[in-house]
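**Student:**
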Amino acid sequence: MKISIMTLFPSMFEGFINTSIISRAKANNIVEIECIDIREFALDRFKHVDDTPYGGGAGMILKCQPVIDCLNSIRTENSHVILMAPVGKIFKQKMAHEFKKYDHLIIICGHYEGIDARVYDYVDELVSIGDYVLTGGELAAMVVADATIRLLKGSIDENSALDESFENGLLEYPQYTKPSVYDGKKVPEVLLSGHHKNIEQYRLKMSLKTTLLNRPDLLEKITLDDRSQKLLVEIEEELKNDCK
Ligand code: ADE
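If you read the sequence shown in the working numbering, its first letter stands for residue 843, the second for the next number, and so on.
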């Protein structure tokens, strides 16, 4: 897979591209990442890429021409083009699974106060990483690229990707490593027992409990099997008793 990132600040991506899992995926030819400087496509000698908004208002707006010329210089029939913008659809794990299927993903980072809305006609989708406004699309592009790359075959241990938060509609259960006692806090006994069935049951219960406490909205979106429903009733009883 190739990921092309169109940005006014290519240097922001240096740490991201050259560190840890992403740099390993790059070294192993799992992903190719390139950053293209939109400013290179400005036509005037001062390399202006932005201008004041029609209709008035604060700030500067990224112009169509440098963005679309830049896009046309890298786009092929196989490219899927996304524009990072707070007005886009919210990025979810499911979207990362869709993005990993493309041979070529182009991510455009908006900047300044906004981007000329006519750019929307040249992209496949607008994507937001959450209900807050960043100074630009660069951090958002890194979030999308990171979540997508780690799902590519060979990037990380496939079993760890299966078990984690959001993959089955639930948040992940808590994890522990050595030592078994730290500052008087013990790792749950069942995890030391070696009893796989009990461990699996405990993890499912903790997954349900974490989701109920932190993201009850997720529980409304999934159909729980009988075993999970029973565990959920048990958890709710336990929580009630804890309050007494
Ligand atoms: N640019 C600024 N804020 C953003 C957000 N929340 N998501 C994506 N791109 C952005």
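Just so you know, even glycine gets a beta-carbon here, dropped at the ideal spot from N, CA and C.
1) Quick check: is any heavy atom of ligand 2 less than 7 Å from the C-beta of residue 962?
2) From the DSSP output, which residues share a beta bridge with residue 1088?
3) For ligand 1, is there any heavy atom lying closer than 7 Å to the beta carbon of residue 900?
4) In whole angstroms, give me the CA-to-CA distance for residue 960 and residue 1019.
5) If you reduce the DSSP assignment to three classes, tell me which class residue 1041 lands in.
6) Suppose you measure from the CA of residue 972 to the CA of residue 1039; what does that come to, to the nearest Å?
7) So, are the CB atoms of residue 922 and residue 879 less than 8 Å apart?
8) For a test of the three-state rule: what should DSSP assign to residue 857, helix, strand or coil?
9) Report the three-state DSSP secondary structure of residue 1022 (helix, strand or coil).
10) Ligand 1 and residue 970: does any heavy atom of the ligand fall closer than 7 Å to the residue's C-beta?
11) DSSP three-state label for residue 1007, please.
12) By how many angstroms is the C-alpha of residue 977 removed from the C-alpha of residue 989?
13) Answer yes or no: do residue 957 and residue 904 have a C-beta to C-beta separation smaller than 8 Å?
**Tutor:** Walking through what the data contain:
1) What this structure holds is ligand 1, not ligand 2.
2) Absent from the model: residue 1088. The displayed extent of the chain is 843 to 1086, so no value can be given.
3) no
4) 51 Å
5) helix
6) 37 Å
7) no
8) helix
9) coil
10) yes
11) coil
12) 21 Å
13) yes
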